[in-house]
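Asks: Per our numbering, the sequence shown runs over residues 14 to 191.
Below is a structure I'd like to ask you about.
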Amino acid sequence: MVSQNVETHWKGREGPFPLLLGPGVFSPTTTSRTLADALEITPGDTVIDVGCGSGVLSIVAAKLGAARVYGVDLSQRAVEAAKENARRLGLDHICEFRGGDLLEPVRDVQADVLIGDVSGIPDAIAAESGWFDDVPAGGPTGAELPAKFLRSIGDTLAMGGRLYLPTGTIPGRRQSPA
């Protein structure tokens, strides 16, 4: 996450292109690059990008031929940065960004592709990292938020659709018995 407005350049798939990052907005990571490389977008697809941050994966999906992309983030600062990035790249007619929790802001959309770049980092580690100033981390074990995302999908993903949800573990600290 950055603490002031900075411009960086995405050099991953469909790049390079400039990205504006504002305070509290996550910078694209190795996970972002891996997700971008893995994305299979068919021209005309509708894509939902949950945890969109700067909008980088939404922008990549649009550049790969998605007809419509909806980015969602709990952080309003991320939503504003993503909107500005899409506008600056001339993709604001394809990309729409909404603030809110997981899939709630896009219940009116059925997607061919769902990207869930949501935290799987345990709360205690996230608190020490400084990464999560205005959004929650993954829960006590780190698995709670990704699990909540999976439970929330319902009919949002079209039959035969594709789901991208990076997972990993960062073990929390073990507490020794008192």
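For glycine and all other residues, C-beta sits at the position ideal for the given N, C-alpha and C.
Given the structure is predicted, the values throughout are model-derived calculations rather than measurements.
Which parts of the stretch 19-70 are runs of the alpha helix (DSSP H), unbroken and 4 residues or longer, counting only runs that do not cross its ends?
Replies: 43-51
Asks: Exposed or buried, which one is P153 when buried takes at least 16 other CB atoms within 10 Å?
Replies: Counting Cβ neighbours within 10 Å, P153 comes out exposed, since fewer than 16 surround it.
Asks: Cβ atoms of P135 and A150: under 8 Å apart, would you say?
Replies: yes
Asks: Would you identify the three-state DSSP class for R100, choosing helix, strand or coil?
Replies: helix
Asks: Residue range of the alpha helix (DSSP H) that A139 falls in?
Replies: Where A139 is concerned, the enclosing alpha helix (DSSP H) starts and stops at D136 to S142.
Asks: Hey, quick one: how far does the beta strand (DSSP E) through R111 stretch, first residue to last?
Replies: Element bounds for R111: C108 to G112.
Asks: Between D50 and E141, what straight-line distance do the alpha-carbon atoms span, to the nearest angstrom?
Replies: Going by the C-alpha atoms only, they are around 30 Å apart.
Asks: Residue range of the alpha helix (DSSP H) that R164 falls in?
Replies: E157 to S165
Asks: With a threshold of 16 other CB atoms inside 10 Å of the CB of V119, please say whether the residue is buried or exposed.
Replies: Answer is buried; the Cβ neighbour count reaches 16.
Asks: Where R175 and V19 are concerned, what is the direct C-alpha to C-alpha distance, given to the nearest angstrom?
Replies: 33 Å
Asks: Nearest to P36 by CA position, among V92, V122 and S165, is which residue?
Replies: V92
Asks: Determine the closest residue to R100 out of G173, Q17, G25 and P31, with distance taken between C-alpha atoms.
Replies: P31
Asks: Could you tell me the alpha carbon to alpha carbon distance between L34 and G103, rounded to whole angstroms?
Replies: In this structure, the alpha-carbon of L34 lies about 17 Å from that of G103.
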